[in-house]
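Notes follow once the structure below has been shown.
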Amino acid sequence: MSETSGETGGTPGERISDAEHAIMEVLWDRHPLSAAEVCDEVCATRGWSMPTVKTLLSRLVGKGALATEPAGRKFLYSPLIERSDYVGGESRRLVDRLFGGRAASLFAHLAQSEALTDEDLGEIERLLKEMRK
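Going by this note's numbering, the letters in the sequence shown line up with residues 33 to 165, in that order.
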């Protein structure tokens, strides 16, 4: 697998757009895939064409999020970023940008806006107990 240019230390050097994220989700679930195989997964539901998928794949390679591997006359794509690392980085950016770096402020906002279900609260309590051990 050949590495691509760009900083890959867990998060790409540049932000990933919503459309690029849809491509990453496909590749996190199953890889390596060709552009045609990625298109099979997203083109119908998103109304995209093969050129759109190829453009998004190219952007992700340029951002250091994907590696390419030649396979005959096509390329196979694989993520260079783990899903958990990406989610962690995006979560941190959200908390930093909107809540002054304080996760407690995020939870307070969610609780006040009634966005947390009883199931969510139970899961948060379980996680907090685990973290305190």
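The C-beta atom is built at its ideal place from N, Cα and C for all residues, glycine as well.
When K106, A67, G96, L159 are compared against T84, the one with the closest alpha-carbon: A67
Mind checking M163: buried by the 16 CB within 10 Å criterion, or exposed? exposed
Would you call G42 buried or exposed, if buried means 16 or more other Cβ atoms sit within 10 Å of its Cβ? Since pLDDT at G42 reaches only 42, below the 50 mark, its modelled position is unreliable, and no value is offered.
For S81, which three-state DSSP category applies? coil
Kindly indicate which three-state DSSP category L65 falls into: helix, strand or coil? strand
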